[in-house]
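Peer 1: Taking UniProt numbering, the leading residue of the sequence shown gets 1, the next gets one more, and so forth.
We put the CB at the ideal spot given by N, CA and C, even for glycine.
From a predicted model like this one, the values you see are computed outputs, not experimental measurements.
Below you will find the structure I want to go over with you.
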Amino acid sequence: MLVGPVFAVLLCASLCGAETQIFRNAGFESPLGPENWSCSGCTGLQYGDDKVEGDYSMLAQGRQDDWAGPSYLLAYGTDVISGQTYDFQIYVKLLSGGSNQHEIKAVLSVTFSDGDKVYQQITSPTFIGQDDGWFKLTARATAQAYSKQVTEMRVYVAGPAAGVDVLVDRASLTESSIASLIHRGEILENPSFETALDSWQCSACTGVHYTADQHTGSAAMLARDRTAVSAGPFQDLYWGSSVRGGQCYLFNAYLKVLGSDTTTYYYTKAAIGLFFDDGSSKHLTIAKAFISGADGWKKMEGDVCMDSYTQAVDRVKLYISGPPAGVNFLTDDVFLHEVSATPYSSWRTEADARIEQLRKRNVKIRVNTPNVDHMEVQVVQTKAHFPFGSKVNVDKRGVPGFPANSKYREYFFDNFNWGVIGNKMKWTAVEKFEGIHDWSQADPAIDMMESRGVPIRGHCLSWASDNHVPNWLRQDPSNVEQKLFSRIDNAVSRYRGRVAHWDVNNEMLHGNFFVRESGSRQIRYDMFSRVKENDPNVVPFLNDFQIINTGASTQVSGTDVLLHYSLGTILPFLLRIVA
Ligand SMILES: *[C@@H]1O[C@H](CO)[C@@H](O)[C@H](O)[C@H]1NC(C)=O
């Protein structure tokens, strides 16, 4: 979705900056052993015949059960500290198991001094087959505090059926760079609904401490007898202490819609409601999700910044609402944390200081001219080197946009030196009928940008969510790969050497049309290769939203982040940590 002006920020392939590796022997290059990697319920070997990098990977052989796999002993309190958030990754490959899809997961096991043991899966459900080759498994998790003494903590990779040999390589465990920006400490009381619902209430509904189903732990909150769309769980917050003006907050929660209807998608949202003493109120949406009964537990997440209001705030609350009256839903594992590194109000001063330091240089100008008494030298900047782009809306029938609307056009050229055409290069716009390619609306805009020396990001070759593929393809997804490739061939070869970047499979972290219809995850790699075959010099991009605060990362040439201005506030310092 492209809403309002959008600009792109180039990211490092993973979050930049030096991060300290917590794992010893993270690349499996030195002999394995109890001080670093061993095999639980299996035999672990250094393996030289197949690896992601270096000379070795680790092979887990003779796995006795689906829980068996490579494991690493973590020193709780030293390697990982409670309240701190960590990023985990490991590359995994199945050496047997044929075409069957096997679950792979990373699990944290914690043993206590009284002998109790708990297991926590830290990765989302992931399935791979032998044909998938190396697969990168990632997780972000916050280390918990426990009420009992921890005697052993292990992280291990498990999942496939007993007997399936597993290779792992390039493991990594680092303190999350986002973590340093987040206040330690949950703002909400009873965020996992483990104890009675004293701090949570249900607005226009009945709230139930529900133990029959939960995302994690032993309970969730059920909102039933909902009498309005706005009905749902809420918790009172404290203005000035638990939430403050001029600060930003990260949020997530898991929701599950109950009932027999599994096909309707319900719009759900979480918001902070501010009620002022003059009787007015303000509702700031912090996260949205479309959830159907078929989704099971689904995560919603987002962020919001508070202004420093001039009116006195009487009451402030966090609430979750959405499905129509009568639809019951569960809520669990809510997270609301203040982002503390840079107060929202001071980001501009800091950004200006960085501009002074990073983008300005002293210039010496030597003028060779004979005997002049007085001379004035004027230096005029005609172009900025720093790439700064915008989406443009092109002309629609009868409505002049870009390039016909001269005010709009000149505003664009005065302010931006890269351009993205909002809709008219999309597959749905160009190929309304299969095999008939109509570029007549995009061409004039592209010609104009080209004539003014503005490089173009092509947007987008395909779009991974169902409602953004051409109708004819959705109705008949047979031979989807061939249809997709002919779209890529048509678009990329047409603008070879003219379009510098292409967004390839738009928002593919949020949709899976092509993977699902082709039955192959490989298709996503193949799309990128196909782009390069058509134009070896074009830079293919992954274009997505909500990737900074969710920690999703990518291995393609470039990533950019959509900023949906109309959907919320920008968190400039979140951009900073990845920019
Ligand atoms: C891993 O542990 C083994 C034995 O426990 C040891 O020989 C090896 O040097 C360790 N490697 C690293 C990098 O710590």
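1) Locate the beta strand (DSSP E) running through Asp132, then write down its first and last residues.
2) Which value, in whole angstroms, describes the spacing of the CA atoms of Ile488 and Gly259?
3) If we call anything under 8 Å between Cβ atoms a contact, is Ala219 one with Ala204?
4) For a test of the three-state rule: what should DSSP assign to Ile81, helix, strand or coil?
5) Arg224 by DSSP, collapsed to three states: which one?
6) Would you call Thr20 buried or exposed, if buried means 16 or more other Cβ atoms sit within 10 Å of its Cβ?
7) Specify the secondary structure class of Gly293 as computed by DSSP and reduced to three states.
8) Does the Cβ of Arg348 lie closer than 7 Å to at least one heavy atom of ligand 1?
9) Please check the pair Phe28 and Leu173, which I expect to be a contact at CB under 8 Å, by giving their CB distance rounded to whole angstroms.
10) Return the CA-CA distance between Ile187 and Glu338, expressed in angstroms with no decimal places.
11) Are the stretch 458-466 and the stretch 501-509 touching, with three or more C-beta to C-beta distances below 8 Å?
12) Only counting the same chain, and skipping five residues up and downstream in sequence, which positions put a Cβ closer than 7 Å to that of Gln149?
13) Between Gly389 and ligand 1, is there a pair consisting of the residue's CB and a ligand heavy atom that are separated by less than 7 Å?
14) Does ligand 1 have even one heavy atom less than 7 Å from the beta-carbon of Glu53?
15) Leaving out the 5 sequence neighbours to the left and right, which residues in its chain are closer than 6 Å to Thr138 when beta-carbon positions are compared?
16) From what residue to what residue does the alpha helix (DSSP H) around Leu73 run?
17) Could you tell me the distance, in whole angstroms, from the CA atom of Thr569 to the CA atom of Ser308?
18) Identify which residue in Trp418, Pro323, His385 and Arg474 has its Cα closest to the Cα of Lys288.
19) Can you tell me whether Pro540 is buried or exposed? The criterion is at least 16 other CB atoms within 10 Å of its CB, across all chains shown.
20) Between the Cα of Ser40 and the Cα atoms of Val52, Lys51, Asp49 and Ala60, which residue gives the shortest distance?
21) When you compare each of Lys105, Thr151, Leu222 and Asn479 to residue 608 by their alpha carbons, which one comes out closest?
22) Taking only runs that begin and end inside the stretch 353-428, name each unbroken alpha helix (DSSP H) of 4 or more residues, in chain order.
23) Are the CB atoms of Asp470 and Trp427 nearer to each other than 8 Å?
24) Whole angstroms are fine: how far does the CA of Met221 sit from the CA of Leu255?
25) Does the pairing of the stretch 370-380 with the stretch 283-303 give three or more beta-carbon distances under 8 Å?
26) So Ala404 and Asp414 are in contact, right, with Cβ under 8 Å, and what is the actual spacing, rounded?
27) When you compare only the Cα positions, how much space is there between Val515 and Asp295?
28) Going by beta carbon distance, what residues of the same chain come within less than 7 Å of Glu431, once the five residues before and after it are set aside?
29) Under 8 Å Cβ to Cβ from Ala75, same chain only, skipping five residues before and after it: list those, please.
30) Please list the segments of the beta strand (DSSP E) lying wholly inside the stretch 436-481, counting only runs of 3 or more residues, in order along the chain.
31) Please indicate yes or no: does the CB of Leu32 lie closer than 7 Å to some heavy atom of ligand 1?
32) DSSP has Glu175 in a bridge; who is on the other side?
33) Can you tell me the Cβ-Cβ gap for Val155 and Ala106, rounded? I've got them flagged as a contact below 8 Å.
34) Determine the DSSP secondary structure at Met300, reduced to helix, strand or coil.
35) Should Thr268 go down as buried or exposed, given a rule of 16 or more other Cβ atoms within 10 Å for buried?
36) Which residues in the same chain have their Cβ closer than 8 Å to the Cβ of Ala231, if we skip the five residues on either side of it in sequence?
Peer 2: Answer, in terms of the structure:
1) It is not in any beta strand (DSSP E) - Asp132 carries neither H nor E in the DSSP assignment.
2) 42 Å
3) In this structure, Ala204 does not lie closer than 8 Å to Ala219 by Cβ.
4) coil
5) strand
6) exposed
7) helix
8) no
9) About 14 Å separates the Cβ atoms of Phe28 and Leu173, ruling out a contact at the 8 Å cut-off.
10) 8 Å
11) yes
12) Phe112 and Ser113
13) no
14) no
15) Gln89
16) Where Leu73 is concerned, there is no enclosing alpha helix (DSSP H), although the beta strand (DSSP E) it sits in stretches over Gly69 to Leu74.
17) With a pLDDT of only 43 at Thr569, under 50, the local geometry of the prediction cannot be trusted, and no value is derived from it.
18) Pro323
19) Looking at its Cβ environment, which holds 16 or more other Cβ atoms inside 10 Å, Pro540 is buried.
20) It is Ala60 whose Cα lies nearest to the Cα of Ser40.
21) One cannot answer for residue 608 here, as it falls past the ends of the chain, which runs 1 to 579.
22) 406-415
23) With the sequence shown as reference, residue 470 is identified as Pro, and Asp is not the correct amino acid for it. Yes, these two residues count as a Cβ contact at 8 Å.
24) 10 Å
25) no
26) Not really, about 17 Å apart at Cβ, beyond 8 Å.
27) 18 Å
28) His437, Pro470 and Arg487
29) Met153
30) Taking 3 residues as the shortest admissible run, the stretch 436-481 contains the following complete beta strand (DSSP E) segments, listed from N- to C-terminal end: 456-458.
31) yes
32) In DSSP, Glu175 forms a bridge with Tyr86.
33) 6 Å
34) strand
35) buried
36) Cys202, Ser203, Ala204, Cys205, Ala223, Ser321 and Ala325
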